[in-house]
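K.L.:
In our numbering, the protein residues as written are 6 to 246. Idealized CB from N, CA, C, for every residue including glycine. It should be emphasised that the depicted structure is a prediction, and the values quoted were computed from it without experimental measurement.
(1) For the alpha helix (DSSP H) that residue 75 lies in, which residues bound it at each end?
(2) Counting beta carbon pairs with one atom in the region 12–20 and one in the region 214–224, are three or more of them shorter than 8 Å?
(3) Could you check if residue 191 is buried or exposed, using at least 16 other CB atoms within 10 Å of its CB as the buried criterion?
(4) Whole angstroms are fine: how far does the CA of residue 189 sit from the CA of residue 144?
(5) Pick out the complete alpha helix (DSSP H) segments inside the region 148–178, 4 residues or longer, and give them in chain order.
(6) Please go through the same chain and pick out, in chain order, the residues whose beta-carbon is closer than 6 Å to the beta-carbon of residue 176, but skip the five residues on each side of it.
(7) On the premise that residue 116 lies in contact with residue 97, defined as a C-beta separation below 8 Å, what is that separation, rounded to the nearest angstrom?
(8) With DSSP collapsed to three states, give me the class of residue 212.
(9) Kindly indicate which three-state DSSP category residue 125 falls into: helix, strand or coil?
(10) Looking at the secondary structure, which residues open and close the alpha helix (DSSP H) in which residue 52 lies?
(11) Could you tell me the alpha carbon to alpha carbon distance between residue 228 and residue 103, rounded to whole angstroms?
(12) Can you list, in chain order, the residues of its chain whose CB lies under 6 Å from that of residue 163, leaving out five sequence neighbours each side?
(13) The alpha helix (DSSP H) spanning residue 185 covers which residue range?
(14) Suppose contacts are defined by Cβ-Cβ distances below 9 Å. Is residue 167 in contact with residue 186 by that definition?
(15) Applying the criterion that 16 or more other CB atoms from any shown protein chain within 10 Å of the CB defines a buried residue, is residue 31 buried or exposed?
(16) Am I right that residue 137 and residue 173 are in contact with their C-beta atoms under 8 Å? What's the rounded C-beta distance?
(17) Does DSSP classify residue 19 as helix, strand or coil?
(18) Would you tell me roughly how many angstroms separate the C-alpha atoms of residue 95 and residue 101, rounded to the nearest one?
(19) Where does residue 44 sit, in a helix, a strand or coil, going by DSSP?
(20) Straight-line CA distance for residue 182 to residue 59?
(21) Skipping 5 residues on each side, what residues in its chain have a beta carbon closer than 7 Å to that of residue 160?
(22) Report yes if the CB atom of residue 24 is closer than 9 Å to the CB atom of residue 71, and no otherwise.
(23) Just verifying my parser: in three-state terms, what is the DSSP assignment at residue 136?
(24) Helix, strand or coil: how does DSSP classify residue 229 here?
Written out as structure tokens, the structure reads:
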């Protein structure tokens with residue numbers, strides 16, 4: 006079901022742009038700024054270090070806006086796609102393509118078995134929602150989603166078990182945008198307490214159901230590309246400083 010409300014200002018394209026920008030800021034802090042603060046290549050004054058630490062905290066707080074928006078957009082994508090198999094395959098392909106950039110950038114290692122990128126969580130959430138939509142028997146409606154959430158925990162994907170269940174909550178509350186934003190916002194805050202997440206849920210409440218002009222192709226490729234870029238910048242800074 007396609008829910009639209011022309012009186013609301015924000016399209017899916019706008020939400021994608023906000024999600025990408027806030028993720029970009031968050032990952033710059035995590036990939037570039039944090040290593041410089043932990044192991045400064047040159048001695049820095051206490052004042053300069055504290056300024057850097059303050060910027061780091063602010064940027065990570067901004068970054069907390071990203072996941073609820075990405076999760077919401079995937080939920081909407083499940084409803085809007087005409088070919089779920091193709092949609093899920095695309096998520097799976099980019100989950101695999103993003104794993105090495107994720108490891109290099111955020112774990113500073115080629116292999117990180119105890120940590121997987123967020124695409125895996127988004128894929129598992131999409132599979133859980135589609136399973137719940139397609140099956141009529143109560144056991145099957147819930148067994149698949151529970152299995153998907155458990156896999157998220159088992160492979161240690163970003164947001165993992167609770168991330169998948171959070172996407173299911175967005176799915177169940179989809180018929181009422183205000184309730185969807187309010188209840189899922191409260192639940193997400195209880196799981197990951199940070200006041201900035203309220204911005205994400207305000208945007209969700211003001212979503213008009215329109216696709217917008219922003220292409221999803223950029224969104225898929227942006228994730229691994231920006232991680233590789235930040236890893237390159239970090240390594241370059243440690244060489245020249």
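P.N.:
Per the coordinate set shown:
(1) Taking the chain shown and counting its residues from 1, the one referred to as residue 75 is at position 70. Segment 71–85, the alpha helix (DSSP H) holding residue 75.
(2) The way I'd put it, the region 214–224 does touch the region 12–20; three or more beta-carbon pairs between them come closer than 8 Å.
(3) On the chain shown, residue 191 is found 186 positions in, with the first residue counted as 1. With fewer than 16 other Cβ atoms within 10 Å, it is exposed.
(4) Position 139 of the chain shown, counting from 1, holds the residue named residue 144. Position 184 of the chain shown, counting from 1, holds the residue named residue 189. When rounded, the separation of the alpha-carbon atoms in residue 144 and residue 189 is 24 Å.
(5) Counting only runs of 4 or more, we get 165–177.
(6) Position 171 of the chain shown, counted from the start, is the residue given in the question as residue 176. So the list reads 80 and 134, once near-sequence residues are dropped.
(7) As a working mapping, residue 97 is identified with position 92 in the chain shown. As a working mapping, residue 116 is identified with position 111 in the chain shown. Actually they are not in contact, since the Cβ atoms of residue 97 and residue 116 sit about 19 Å apart, beyond 8 Å.
(8) Against the chain shown, residue 212 aligns to sequence position 207. Note: residue 212 maps to strand in three-state DSSP.
(9) As a working mapping, residue 125 is identified with position 120 in the chain shown. Assigned with DSSP and collapsed to three states, residue 125 falls in helix.
(10) Numbered from its first residue, the chain shown carries residue 52 at position 47. Here the alpha helix (DSSP H) through residue 52 covers 51–68.
(11) Residue numbering aside, residue 228 sits at position 223 when the chain shown is read from its first letter. Residue numbering aside, residue 103 sits at position 98 when the chain shown is read from its first letter. Cα to Cα, the separation comes out at about 7 Å.
(12) Along the chain shown, one-based indexing puts residue 163 at 158. These residues qualify, in order along the chain: 123 and 126.
(13) Translated into the one-based positions of the chain shown, residue 185 becomes position 180. Its alpha helix (DSSP H) spans residues 182–196.
(14) What you label residue 167 is simply residue 162 of the chain shown in a count that begins at 1. What you label residue 186 is simply residue 181 of the chain shown in a count that begins at 1. Taking 9 Å as the Cβ cut-off, residue 167 and residue 186 do not qualify as a contacting pair.
(15) Within the chain shown, the letter at position 26 stands for residue 31. Residue 31 comes out buried.
(16) On the chain shown, position 132 is the one that residue 137 refers to. On the chain shown, position 168 is the one that residue 173 refers to. Confirmed, about 7 Å.
(17) To locate residue 19, count along the chain shown from 1; it is residue 14. Residue state, collapsed to three classes: helix.
(18) Locating residue 95 in the chain shown gives position 90, counting from the first residue. Locating residue 101 in the chain shown gives position 96, counting from the first residue. C-alpha separation (whole angstroms): 10 Å.
(19) Translated into the one-based positions of the chain shown, residue 44 becomes position 39. Reduced to three states, the DSSP call for residue 44 is coil.
(20) As a first step, residue 182 is located in the chain shown; it is residue number 177 there, counting from the start. As a first step, residue 59 is located in the chain shown; it is residue number 54 there, counting from the start. Cα to Cα, the separation comes out at about 35 Å.
(21) Here the question's residue 160 lines up with position 155 in the chain shown. Within the same chain, residue 160 has close Cβ partners 121 and 125.
(22) As a position in the chain shown, residue 24 is number 19, starting the count at 1. As a position in the chain shown, residue 71 is number 66, starting the count at 1. Their beta carbons are under 9 Å apart, which means residue 24 touches residue 71 by this criterion.
(23) Translated into the one-based positions of the chain shown, residue 136 becomes position 131. Here residue 136 carries a helix assignment [DSSP, helix/strand/coil].
(24) Residue 229 sits at position 224 when you count from the first residue of the chain shown. Residue 229 sits in a helix when the DSSP states are folded into three classes.
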